[in-house]
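Participant:
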Amino acid sequence: MSRKYKFGDKAQLHFVTYATVGWIDLFTRNEYKRVITDSLQHCMAKKGLDVYAWCIMTNHIHLIISSRDKPLEDILRDHKRHTSETLRDAVKRNAGESRREWMLELFTRAGNANGNNNSFQLWQQHNRPIELYSREVILQKLAYIHNNPVAAGFVEKPEDWMWGSARTYAGIDAILEGLILIEP
5 MSRKYKFGDK AQLHFVTYAT VGWIDLFTRN EYKRVITDSL QHCMAKKGLD
55 VYAWCIMTNH IHLIISSRDK PLEDILRDHK RHTSETLRDA VKRNAGESRR
105 EWMLELFTRA GNANGNNNSF QLWQQHNRPI ELYSREVILQ KLAYIHNNPV
155 AAGFVEKPED WMWGSARTYA GIDAILEGLI LIEP
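Last residue of the sequence shown: 188 in this note's numbering, with the numbers rising by one and none dropped.
(1) What residue does the beta strand (DSSP E) around I69 start on, and which one ends it?
(2) Between I69 and F31, is the Cβ-Cβ spacing less than 8 Å?
(3) Considering only the alpha carbon of each residue, which of K10, V39 and I65 lies closest to W27?
(4) So what does DSSP say about D29, is it helix, strand or coil?
(5) Rounding to the nearest angstrom, what Cα-Cα distance links P1 and P133 in this structure?
(6) Just the Cα atoms here: how many angstroms apart are I142 and E77?
(7) Only counting the same chain, and skipping five residues up and downstream in sequence, which positions put a Cβ closer than 6 Å to that of N131?
(8) Return helix, strand or coil for S6, following the three-state DSSP convention.
(9) Mapping DSSP to helix, strand and coil, what is Y248?
(10) Measure from the alpha carbon of L108 to the alpha carbon of each residue in L126, G119 and A99, then state which is nearest.
(11) Are the beta-carbon atoms belonging to S123 and H86 less than 8 Å from one another?
(12) Taking all protein chains shown into account, do 16 or more other C-beta atoms lie within 10 angstroms of the C-beta of W58, making it buried, or fewer, making it exposed?
(13) For W58, write down the residues that DSSP places opposite it in a beta bridge.
(14) Where does G115 fall in DSSP's three states?
(15) Around the Cβ of E35, are there at least 16 other Cβ atoms within 10 angstroms (buried) or fewer (exposed)?
Have a look at this one:
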């Protein structure tokens with residue numbers, strides 16, 4: 005089924021949100037969040053992805069991105085496929101994951117219900133890309149991304165959230181192994 009959400013000009017900045025099926029709170033463990041940051045770093049280094057802002061929440065991810073040469077939909081498709089497989093394996097092998105059976109069953113049920121998958125689906129199909137056409141819209145989406153953890157009640161200030169780019173924009177030394185380093 006075709007979605008109305010499509011990427012425009014790959015060189016333009018896009019605001020993207022993608023979420024786990026059923027909005028399952030998968031990203032409550034740092035090891036799962038690191039799968040996302042590692043994959044985004046790989047896409048930046050090897051696939052031409054440019055990341056200008058990011059935030060990992062418990063069940064969804066926000067990005068402001070563009071691409072130097074490859075279509076954004078291809079890069080994000082590969083990223084989501086890779087992280088889906090890697091996260092599935094991480095959940096399976098995590099003996100301390102009390103929600104393991106429940107999450108794997110829900111991801112398997114979602115995959116079986118979707119003919120585009122091979123009996124497992126971690127991510128919702130769409131990315132909801134919005135082309136950022138003006139400075140005002142860019143700043144609005146940037147504020148939304150960085151304030152998401154504040155609005156959720158996780159932190160008091162955006163720069164206190166370790167799993168996002170607000171630290172970089174605030175000038176805090178965000179050089180922590182495994183996190184995405186960007187140029188604001």
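We treat Cβ as the ideally placed atom computed from N, Cα and C, and that holds for glycine. These numbers were taken from a predicted model, which means no experiment stands behind them.
Facilitator: In this structure, then:
(1) If you number the sequence shown from 1, residue 69 lands on position 65. That run of the beta strand (DSSP E) goes H64 to S71.
(2) Here residue 69 corresponds to residue number 65 of the sequence shown, with the count starting at 1. Here residue 31 corresponds to residue number 27 of the sequence shown, with the count starting at 1. Contact: no.
(3) As a working note, residue 27 is residue 23 in the sequence shown. Comparing Cα-Cα distances from W27 to each of K10, V39 and I65, the minimum goes to I65.
(4) The residue you call residue 29 lines up with position 25 of the sequence shown. Of the three classes helix, strand and coil, the one that applies to D29 here is coil, per DSSP.
(5) Nothing can be reported for residue 1, as the shown portion of the chain is limited to 5 through 188.
(6) Within the sequence shown, the letter at position 138 stands for residue 142. Within the sequence shown, the letter at position 73 stands for residue 77. Approximately 20 Å between the Cα atoms of the pair.
(7) Numbered from its first residue, the sequence shown carries residue 131 at position 127. Counting only Cβ-Cβ distances below 6 Å, and skipping sequence neighbours, we find V20, Y22 and L80.
(8) Here residue 6 corresponds to residue number 2 of the sequence shown, with the count starting at 1. A caution first: S6 carries a pLDDT of 40, below 50, which makes its placement in the model unreliable, though a value can still be read off. Residue state, collapsed to three classes: coil.
(9) Residue 248 is absent from the model: the chain starts at 5 and stops at 188.
(10) As a working mapping, residue 108 is identified with position 104 in the sequence shown. If we check each option's Cα against that of L108, L126 comes out closest.
(11) The sequence position of residue 123 within the sequence shown is 119, counting from 1. The sequence position of residue 86 within the sequence shown is 82, counting from 1. It is not a contact, given that the beta carbons lie outside the stated cut-off.
(12) Along the sequence shown, one-based indexing puts residue 58 at 54. With 16 or more other Cβ atoms within 10 Å, it is buried.
(13) Taking the first residue of the sequence shown as 1, we reach residue 58 at position 54. Its beta-bridge partners are L67.
(14) Position 111 of the sequence shown, counted from the first residue, corresponds to residue 115. Helix.
(15) Here the question's residue 35 lines up with position 31 in the sequence shown. Its Cβ having fewer than 16 others within 10 Å, E35 is exposed.
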